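Numbering (UniProt numbering), first residue to last: 1 to 678.
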């Protein structure tokens, strides 16, 4: 180990900070009016040698017709990128087809490596390395940022994070490669085709996290096709028979269980091929927004802000939790208003039967669907504010608490009315109408808000920029300046959170109640096909290029989807038990019906639990045991929600069996989380 470290340090010492063929990879934008001493200090730290605490990168100011602006282009020499690949632990394919962590000393053993091959590392990997090196620029003996005495520093503090929080640094973003982007756009969404997406090309350009999202979206779309194929004739030949849904509900039981198990294997195949399946997790730094009094980190020994976990827990349980409960209560109140409107529309139709009154029957559901989307978006902002106010130290902890808040509210807001209609009103006709209206309306609104509107606004802005630039004489440098100026004004892609959330809700609509509306899968397939093209368009044309983020799986979203799958099992089993077809099989004893349904339900849940490979799927999750425990509590709450709405003769048995199964799953989770390997 010591020899390896010595060899790497010798390699660092021979690195030069000047390269004739400069390739800009990352853009740094400083605030207007930034003081010269600050710029000089920051740029010197970027180009300084690693032995002196620098990043040893290449930097060049962006020159326009107006002169030098506070925008800088960052690159790196080929040797510097190779050493950086070893530092971040990139995994590459060897000549013997095995996957190993890249080391500079054994570089000749890796496939496609050559000293003159500058494409050994993808552009996304190069930008990820530069981002890693910039974020690891640490303060040495500086007490403050030069020129800004109010921006305090302490030894070991990340310089880039401090510049961001103090407002000196506006943004850092990776630069697009226009030629590569043009090729990717053509093969990805340039023409309408039936087939697979170029996931490997997406991964090379945008990184593993985004490629894995599109891989999951593609897989989910193909997984919906069997349900859609079965659903079309089922819907056509049983349109008026609202109660004949037993076979389709049985299919839902198997479908929701199998597709997630198959996805875990496909995910493992993809991430192994990309070299991130067994990639070691980097040490997680405190969030930029984290604040507290200075103390000593017991693990690293560095001086950094410390915040009492007791204070954080008090904020969560005394402020955040009551606020979430209040929002849930408000959501239920709005739901009851919706049912009042539904009753009014039904009464109006009975009194005035006409084409207009037929249309009026759908108005309450459409209004309610729009209100649901508005409430979801308003609540999202409130949840982000509360989670930030809770002052979580790590980004993973922040994300898990945010996802928990959002999922609980979105689940209740979107599905509570359907549970109420199914298990309290027992109105399958209204359930079908409400499910269809909520699903289709939410899909239209999401497509408009997330893709069409941002694309139209960005296209309008680009047209103005091009008109302004066309009147000026341009050379190669000005062309680059034009590109940078256009990209820096683009919106920032905030991650895959909203994309996974949309798929999560769609999975809920399809798996929970699609047995009474078989066309739900058809609309989901059509929406997902549109989603693939619209998401690809916004990634390439609407947003700034995001930094690549290596990942081994879809993270906590796998747990969220599996929780929804468990709820789907409970819901479909109860729907089967409530159907007249099954009820007719037990004319003498309702208790036999209850026991049979409960047995099938528990047997299915135990089978699902026995097939969960928790260690393989969750071992690499970027989250703490406390955060996953919160997800288990959420799962138990959501799982028992339909039970509370069931008739009294089902309450005792479902509650007992489900609680035992969830208790068993939770014990397995805790046993895995206590493993010191993870």
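We put the CB at the ideal spot given by N, CA and C, even for glycine.
All values derive from a computational prediction rather than experimental measurement.
Spatial neighbours of residue 146 within its chain, please: CB distance less than 7 Å, with the 5 preceding and 5 following residues excluded, ordered by chain position.
Beyond the five residues adjoining it in sequence on each side, residue 146 comes within less than 7 Å, by CB distance, of 37, 38 and 41 in the same chain, given in chain order.
Neighbour-count burial assignment, residue 499, 16 or more Cβ in a 10 Å radius:
buried
Touching by the beta-carbon criterion (3+ pairs, under 8 Å), the segment 547-567 and the segment 494-512:
yes
For residue 173, write down the residues that DSSP places opposite it in a beta bridge.
In DSSP, residue 173 forms a bridge with 27.
Given that a residue counts as buried once 16 or more other Cβ atoms are within 10 Å of its Cβ, and exposed if not, what is residue 256?
Residue burial annotation: residue 256 is buried, with at least 16 other C-beta atoms found within 10 angstroms of its C-beta.
Enumerate, from N- to C-terminal direction, the unbroken alpha helix (DSSP H) stretches of 4 or more residues contained entirely within the segment 202-275.
List check, alpha helix (DSSP H) in window: 208-237 and 246-274.
With a threshold of 16 other CB atoms inside 10 Å of the CB of residue 406, please say whether the residue is buried or exposed.
Within a 10 Å sphere around the beta-carbon of residue 406 sit 16 or more other beta-carbons, which makes this residue buried.
Would residue 491 be called buried (16 or more neighbouring beta carbons within 10 Å of its own) or exposed?
exposed
At least three beta-carbon pairs within less than 8 Å, the segment 540-554 to the segment 388-395
no
So, for residue 524: in the same chain, excluding its five sequence neighbours on each side, which residues have a beta-carbon less than 6 Å away from its beta-carbon?
224, 506 and 510
Terminal residues of the beta strand (DSSP E) in which residue 149 lies:
Start and end: 148-152.
Flag residue 140 as yes if its beta-carbon sits less than 8 Å from any beta-carbon of chain B, otherwise no.
Any reference to chain B falls outside this structure, which holds one protein chain only.
Opposing strand residues paired with residue 94 [DSSP bridges]:
110
Whole-angstrom distance between residue 329 and residue 71, CA atom to CA atom:
Going from the Cα of residue 71 to the Cα of residue 329 covers about 49 Å.
Leaving out five residues on either side along the sequence, give the residues of the same chain with a beta carbon under 8 Å from the beta carbon of residue 57.
Excluding its 5 nearest sequence neighbours in each direction, residue 57 has C-beta neighbours in its own chain below 8 Å: 17, 46, 47, 74, 75, 76, 80, 130, 133 and 134, listed in chain order.
Residue of 361, 382, 508 and 273 minimising C-alpha distance to residue 99
273
Under 8 Å between the Cβ atoms of residue 275 and residue 91?
yes
Taking the DSSP output, what are the residues bridged to residue 80?
Its beta-bridge partners do not exist; DSSP assigns none.
Which residues does DSSP list as the beta-bridge partners of residue 158?
Looking at the DSSP assignment, residue 158 forms a beta bridge with 138.
Give me, in chain order, the residues of the same chain whose beta-carbon lies closer than 8 Å to that of residue 529; leave out the 5 immediate sequence neighbours on both sides.
221
When the distance is taken between beta carbons, is residue 128 closer than 8 Å to residue 207?
yes
What does DSSP give as the partner residue(s) for residue 72 in the beta ladder?
28 and 61
Spatial neighbours of residue 107 within its chain, please: CB distance less than 8 Å, with the 5 preceding and 5 following residues excluded, ordered by chain position.
82 and 113
For residue 195, does the three-state DSSP call read helix, strand or coil?
coil
Who pairs with residue 364 in a beta bridge, going by DSSP?
Per DSSP, none; premise fails for residue 364.
So is residue 52 buried or exposed if we call it buried at 16+ other beta carbons inside 10 Å?
Exposed, since its Cβ has fewer than 16 Cβ neighbours within 10 Å.
Starting from residue 294, follow the beta strand (DSSP E) in both directions and report where the run begins and ends.
293-296
Give the DSSP bridge partners of residue 491, in chain order.
Answer by DSSP bridge pairing, in chain order: 543.
Own chain residues within Cβ distance below 6 Å of residue 512, not counting five before or after
568 and 571
Exposed or buried, residue 55, counting other C-beta atoms within 10 Å across all chains shown (16 or more means buried)?
buried
Under 8 Å Cβ to Cβ from residue 154, same chain only, skipping five residues before and after it: list those, please.
139, 143, 294, 303 and 304
Determine the DSSP secondary structure at residue 518, reduced to helix, strand or coil.
coil
What distance in whole Å lies between the Cβ atoms of residue 176 and residue 549, which are believed to be in contact at a cut-off of 8 Å?
In fact, because the Cβ distance is near 17 Å, the residues do not count as touching under 8 Å.
Just to confirm before moving on: does the CB-CB distance between residue 369 and residue 437 stay below 8 Å?
If you check the CB distance, residue 369 and residue 437 come in under 8 Å.
Classify residue 340: buried if its beta carbon has 16 or more other beta carbons within 10 angstroms, exposed otherwise.
exposed
Boundaries of the alpha helix (DSSP H) in which residue 101 is found, first to last residue:
Segment 99-101 is the beta strand (DSSP E) holding residue 101; no alpha helix (DSSP H) there.
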